[in-house]
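**Student:** Here's a structure for you.
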Amino acid sequence: MYQCLNPDCLYENPSDSDPKFCQYCGSKLRLTERYIAIEIIGQGGFGRTFKAIDRHQFDDFCVIKQFLPVAKETETRHKATELFQREARQLKLLGQHPQIPQLYAYFTAQDDKRQYLVQEFIDGNNLQQELEISGAFTETQIRQLLADLLTVLQFVHTNQVIHRDIKPENIIRRSIDNKLVLVDFGASKYIPPNLSKTEKMTVIGTPEYASPEQIQENSRATFASDIYSLGITCIHLLTGLSPLELEDETGTWIWQNYLNLADPVSEELIELLDKMLCKDAKIRYQSVQEVLQDFASLPNEPGRNYYSKLIKLLKAKKWKEADEETAKIMLKVANREQQGWLNNQSLEDFPCAHLRTIDQVWLQYSAGKFGFTVQKEIYIESGNKLSQYDKKAFDRFGDVIGWRKENVIKKGWFAWELNYDNLNFSQSAPRGHLPAVAMQPLIKRFFQGERIGTFFSTLVKRLDVCKI
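Structure follows, in structure tokens:
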């Protein structure tokens, strides 16, 4: 089919007879007697994009971008024209990179007086399409994405250009070599080295992926703005959710709550992404080089290796083995395997991401019956406070979750069940009975005399700090 370029027609002409004019409206079908549109592949506020063939290059595929502002106001049309011309200039400069589309031609058509840009066609799916086809990305896939794209973005920034519209739809995985290609520089901005820090820019970009400083009234996008957008892209791909769903009512990121429990993400990658996502531009990574340095220091083993055995045990309802595995994970994460016990400091510093993952897998595979958040809820309902350990209140907590047993000799008297093996490792156990890491010999036996209550109250404080 030959696609008519007339915005008021867009008739799909049969290509059998190789027509030169649209059979419906009579408009020319060939741009500069060379390029023929065959399919609409995109449309935005300032233009429409077509897949096309190049008659001078053995009908190789290419992309035609047609300047087509929808606004009628003169000022807006001028801005649209400026944006279109800017993309042509940026592509000519940046198209030298093998992972950025080359610019083939840029001209104003003689018949319709519209501006057209012709560039390299990238055959492949964009990352949004990959997400919709295959589901949420794994840590390994995100690492590959960063390894592939950070150097491309570094090249863009080295040429004093800010992309300003990085998002999954603008990243295409090229079929021929599986490389990621950064496309659509229509919103890009050249930043002179001596640009005044007070100079304002036009608010532009996709709101879901744009940094706070980019979309505010006095827009001031920087190189760090692109880093933010790339970070948003990563958490969207990791969770499969819109970025708008990944922050709470206060604007705080809660994306870690929506990670795939069957394939947890390492604490190190989470820290890197969190710094890319920092809404305060001064705290965020300032350059791609800074990101690359931290990325290079990530451990080779993705975080999911911590949890594969635990998840397998929980799926099989092997509660005791899962509880023991939980303690081993906590010792490993806290780097306390050699000591064999956790002290207060190791709990106070325990990584939130791992604590959250442990809680989430227990919740998921127990249908909400077991987990740290369940225990925290009962702990507070029993009259315990986060600020200090209260023995009487903690005893009430122990009674509710079944960690204290009635004395068989003195009826009505309860004591802490210090025999770990006598705990109830079944689905019939009281709500919040597990995980029982505070009761485990693996941890408790080497706890230097500190009481279970002190241990657990410190754990609950850490849960609160981590917003779990």
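Quick note on numbering: UniProt numbering labels position 327 of the sequence shown as 327, and the sequence is numbered without any gaps.
For glycine and all other residues, C-beta sits at the position ideal for the given N, C-alpha and C.
Every value quoted in this text rests on a predicted model; they were computed, and no experiment measured them.
#1: Using CA coordinates, which residue listed in 186, 151, 178 and 117 is at the minimum distance from residue 163?
#2: Taking 8 Å as the threshold, find out whether the segment 314-325 comes into contact with the segment 286-301 through three or more Cβ pairs.
#3: Just the Cα atoms here: how many angstroms apart are residue 96 and residue 157?
#4: From 261, 31, 23 and 257, pick the residue whose C-alpha is nearest to that of residue 365; which is it?
#5: Would you mind listing the alpha helix (DSSP H) stretches within the segment 109-162 that are 4+ residues and don't spill past its ends, in chain order?
#6: Go ahead and pull the three-state DSSP assignment for residue 81.
#7: Is it true that the CB of residue 152 sits closer than 8 Å to the CB of residue 35?
#8: To the nearest angstrom, report how far apart residue 86 and residue 92 are at their CA atoms.
#9: Only counting the same chain, and skipping five residues up and downstream in sequence, which positions put a Cβ closer than 7 Å to that of residue 393?
#10: Please work out which residues of its chain come closer than 7 Å, Cβ to Cβ, to residue 229, disregarding the five sequence neighbours upstream and downstream, and give them in chain order.
#11: If we count Cβ pairs, one from each stretch, closer than 8 Å, do we get three or more for the segment 348-368 versus the segment 275-284?
#12: Mind listing, in chain order, the continuous alpha helix (DSSP H) runs of no fewer than 4 residues lying wholly within the segment 360-406?
#13: If you draw a straight line from the alpha carbon of residue 265 to that of residue 206, how long is it in whole angstroms?
#14: Below 6 Å CB to CB, which residues in the same chain sit around residue 391 once its five sequence neighbours on both sides are set aside?
#15: Kindly list the residues whose CB is nearer than 6 Å to the CB of residue 59, restricted to its own chain and excluding five residues on each side of it in sequence; keep chain order.
#16: Measuring only the C-alpha atoms, how far is residue 452 from residue 310?
#17: If you count every other CB in all the chains shown that lies within 10 Å of the CB of residue 213, and 16 or more means buried, which is it?
#18: Helix, strand or coil: how does DSSP classify residue 253 here?
#19: Quick test of your reading: residue 431 and residue 369, contact by CB under 8 Å. State the CB separation rounded to the nearest angstrom.
#20: In chain order, what residues of the same chain lie with their CB nearer than 6 Å to the CB of residue 24, ignoring the 5 residues before and after it?
#21: State the DSSP-derived secondary structure class of residue 176, mapped to helix, strand or coil.
#22: Do you know whose CA, among 457, 66, 427 and 460, lies nearest residue 322's CA?
#23: Is the CB-CB distance between residue 146 and residue 295 below 8 Å?
#24: Looking at residue 218 and residue 172, is the spacing between their C-beta atoms short of 8 Å?
#25: Give me the residue from 121, 457 and 33 with the minimum Cα distance to residue 379.
#26: So with Cβ pairs under 8 Å, would you call residue 30 a contact of chain B?
#27: Starting from residue 49, trace the beta strand (DSSP E) both ways and give me its first and last residue.
#28: Just list the alpha helix (DSSP H) runs in the segment 256-338, keeping only unbroken ones of 4 residues or longer that don't cross its boundaries, in chain order.
#29: Have a look at the DSSP bridge pairing and note the partners of residue 13.
#30: Which whole runs of the alpha helix (DSSP H) in the segment 209-252 are 4 residues long or more, in chain order?
**Tutor:** Let me lay it out:
#1: 186
#2: no
#3: 14 Å
#4: 261
#5: 127-134 and 139-158
#6: helix
#7: no
#8: 10 Å
#9: 382, 383 and 384
#10: 166, 167, 209, 210 and 211
#11: no
#12: 372-381 and 391-401
#13: 27 Å
#14: none
#15: 53
#16: 23 Å
#17: buried
#18: strand
#19: 5 Å
#20: 9 and 11
#21: coil
#22: 427
#23: yes
#24: no
#25: 457
#26: You won't find chain B in this structure, because it holds only one protein chain.
#27: 47-54
#28: 267-276, 288-296, 308-315 and 319-333
#29: 2
#30: 212-215 and 223-239
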